[in-house]
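Counting in the working numbering, the sequence shown runs from 2 upward without gaps. Glycine included, every Cβ here is placed at the ideal spot set by N, Cα and C. Computed from a prediction, not measured in an experiment: that's the story for all the values here.
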Amino acid sequence: MTQDILTGFIATASQARHESIEIIRNFGDHQESLNDTISIEEPLEIRIAGPDFDETTLTITMRTPGQDHELSLGFIYSEGIISTLDDVADVEHCRPPSIERGIHNAICITLAPHVSFNQDQLRRNFYTNSGCGVCGKTSIESVLAKPALPLKNEFSISSKQIKQLPVCLRELQTEFPITGGIHAAGLINNEGRIVMVREDIGRHNAIDKLIGAKLLADELPLKTEGLMLSGRAGFELVQKAVMAGAEFLSAIGPPSSLSISLAKEAGMTLAGFANDRGFNLYTHPQRIS
């Protein structure tokens with residue numbers, strides 16, 4: 002199925018993820034000019050088309066280039082626009098690359114003929130940035146909808162394994178050691194091991210890329226799998242995890258009051274402040290041994 006929908010052009014090699022610039026570093030009484038490697042941040046316009054409506058802009062998000070097809074598919078899955086890979090007819094980069102960087106910054110998803118999409122159903126300001134994906138919602142009720150599938154109770158993990166997750170996530174990151182300025186989302190299997198990682202300058206983009214990768218593998222909703230996040234567990238991140246079917250989510254940072262409420266209502270086990278010494282457990286402790 003993956004090959005069927007990826008018939009158009011998907012930029013890969015042209016999507017640089019970091020670059021070197023000259024900086025002035027001041028340390029103590031010493032100052033020097035040197036080169037530093039930084040993460041690239043570029044806008045991605047996600048466009049959507051269907052049998053009964055013309056191609057239109059759905060959202061613009063600031064992201065780290067690369068894996069744009071996963072990001073865009075994960076985004077529309079998290080928003081409830083699609084529920085399976087069969088709902089997508091095609092996805093491809095649909096605009097020329099930027100002149101300055103040569104990075105492709107627009108991607109179009111064509112929905113399958115059987116998918117009904119009401120453009121008014123997602124009334125929100127779809128401009129997102131790398132620090133906040135949920136900003137501009139017309140109403141909080143629009144993102145409090147319950148997931149289509151209730152979370153199961155088949156995932157389990159030990160306290161020892163949770164403490165090991167932050168180090169494991171860091172070791173599997175490829176961009177963070179280069180720039181020090183990028184987030185990650187990791188997929189945890191039922192043996193407590195991280196088996197897939199996606200990175201992005203935006204927390205919500207990293208988890209969308211992970212969800213998109215699982216969608217392309219036709220492995221959603223998740224089965225006996227959890228998620229590990231490099232930053233805080235804000236509301237939108239928990240919402241995306243719930244929509245993907247994750248029974249467990251752990252984060253290096255803290256959750257918010259609203260994300261705790263959502264995890265509790267959805268039946269998700271939520272942990273925060275995870276490190277090699279311990280963690281805080283906020284909801285549904287039955288999955289922890």
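Please classify R278: does DSSP put it in a helix, a strand, or coil?
-> Translated into the one-based positions of the sequence shown, residue 278 becomes position 277. R278: coil per DSSP, three-state reduction.
T225 by DSSP, collapsed to three states: which one?
-> For this step, residue 225 is matched to residue 224 along the sequence shown. In this structure, T225 counts as coil in the three-state DSSP scheme.
Below 8 Å CB to CB, which residues in the same chain sit around S157 once its five sequence neighbours on both sides are set aside?
-> Locating residue 157 in the sequence shown gives position 156, where the first residue counts as 1. Same-chain partners within the cutoff: N191, R288, I289, S290.
What are the start and end residues of the beta strand (DSSP E) that includes N206?
-> Taking the first residue of the sequence shown as 1, we reach residue 206 at position 205. N206 -> not in any beta strand (DSSP E); alpha helix (DSSP H) instead, spanning 204 to 217.
Between the Cα of E42 and those of G51, F274, S99, spot the shortest distance and give me the residue it belongs to.
-> The count along the sequence shown starts at 1 and reaches residue 42 at position 41. Looking at the Cα atoms, S99 is the closest of the given residues.
Contact under 8 Å by Cβ, L228 with L263 = Position 227 of the sequence shown, counted from the start, is the residue given in the question as residue 228. Position 262 of the sequence shown, counted from the start, is the residue given in the question as residue 263. Not a contact, by the Cβ cut-off of 8 Å.
Should K241 go down as buried or exposed, given a rule of 16 or more other Cβ atoms within 10 Å for buried?
-> To locate residue 241, count along the sequence shown from 1; it is residue 240. Classification for K241: buried.
Give the single residue among F280, E220, G268, G81 whose Cα lies nearest to the Cα of R233.
-> Residue mapping note: residue 233 aligns to position 232 of the sequence shown, counting from 1. If we check each option's Cα against that of R233, F280 comes out closest.
Residue closest to I253, alpha-carbon to alpha-carbon, out of L259, S260, D277, T270 | Mapped onto the sequence shown, residue 253 falls at position 252. Looking at the Cα atoms, D277 is the closest of the given residues.
Quick one: is Q16 buried, meaning 16 or more other Cβ sit within 10 Å of its Cβ, or exposed?
-> Mapped onto the sequence shown, residue 16 falls at position 15. Buried.
Taking the continuous alpha helix (DSSP H) assigned at P167, which residues delimit it?
-> Stepping through the sequence shown from its first residue, residue 167 is reached at position 166. Unbroken alpha helix (DSSP H) run through P167: 160 to 173.
Leaving out five residues before and five after P167 in sequence, what residues of the same chain have Cβ atoms less than 6 Å from its Cβ?
-> Along the sequence shown, read from residue 1 onward, the residue named residue 167 stands at position 166. I253, A275, N276.
Report yes if the CB atom of L301 is closer than 8 Å to the CB atom of R194, and no otherwise.
-> Only positions 2 to 290 of the chain appear in this structure, which leaves residue 301 out of reach.
8 Å Cβ cutoff met for H115 and I11 = Taking the sequence shown and counting its residues from 1, one reaches residue 115 at position 114. Taking the sequence shown and counting its residues from 1, one reaches residue 11 at position 10. Cβ distance not < 8 Å, so H115 and I11 don't count as in contact.
Beta-carbon separation of D219 and G75 under 8 Å?
-> The residue labelled residue 219 in the question sits at position 218 within the sequence shown. The residue labelled residue 75 in the question sits at position 74 within the sequence shown. No, Cβ-Cβ distance for D219 and G75 is not below 8 Å.
Can you tell me where the beta strand (DSSP E) with G273 in it begins and where it stops?
-> To locate residue 273, count along the sequence shown from 1; it is residue 272. Start and end: 270 to 273.
Classify H31 as buried or exposed, calling it buried when 16 or more other Cβ atoms lie within 10 Å of its own Cβ.
-> Stepping through the sequence shown from its first residue, residue 31 is reached at position 30. H31 is exposed by the Cβ-count criterion.
For S251, three-class secondary structure by DSSP = Residue 251 sits at position 250 when you count from the first residue of the sequence shown. DSSP places S251 in strand when its eight states are reduced to three.
Per the contact definition of three or more C-beta pairs closer than 8 Å, is the segment 104 to 120 in contact with the segment 43 to 55?
-> yes
Decide if Q120 is buried, meaning its Cβ has at least 16 other Cβ atoms within 10 Å, or exposed.
-> For the purposes of this step, residue 120 is taken as the residue at position 119 of the sequence shown. Exposed is the call here.
Contact check, I61 vs P44, beta carbons under 8 Å = As a first step, residue 61 must be located in the sequence shown, where it is residue number 60. As a first step, residue 44 must be located in the sequence shown, where it is residue number 43. Against a cut-off of 8 Å, the Cβ pair of P44 and I61 comes out as a contact.
G182 versus D87, G203, I189, residue with shortest Cα-Cα distance = For the purposes of this step, residue 182 is identified with residue 181 of the sequence shown, where counting begins at 1. Nearest C-alpha to G182: G203.
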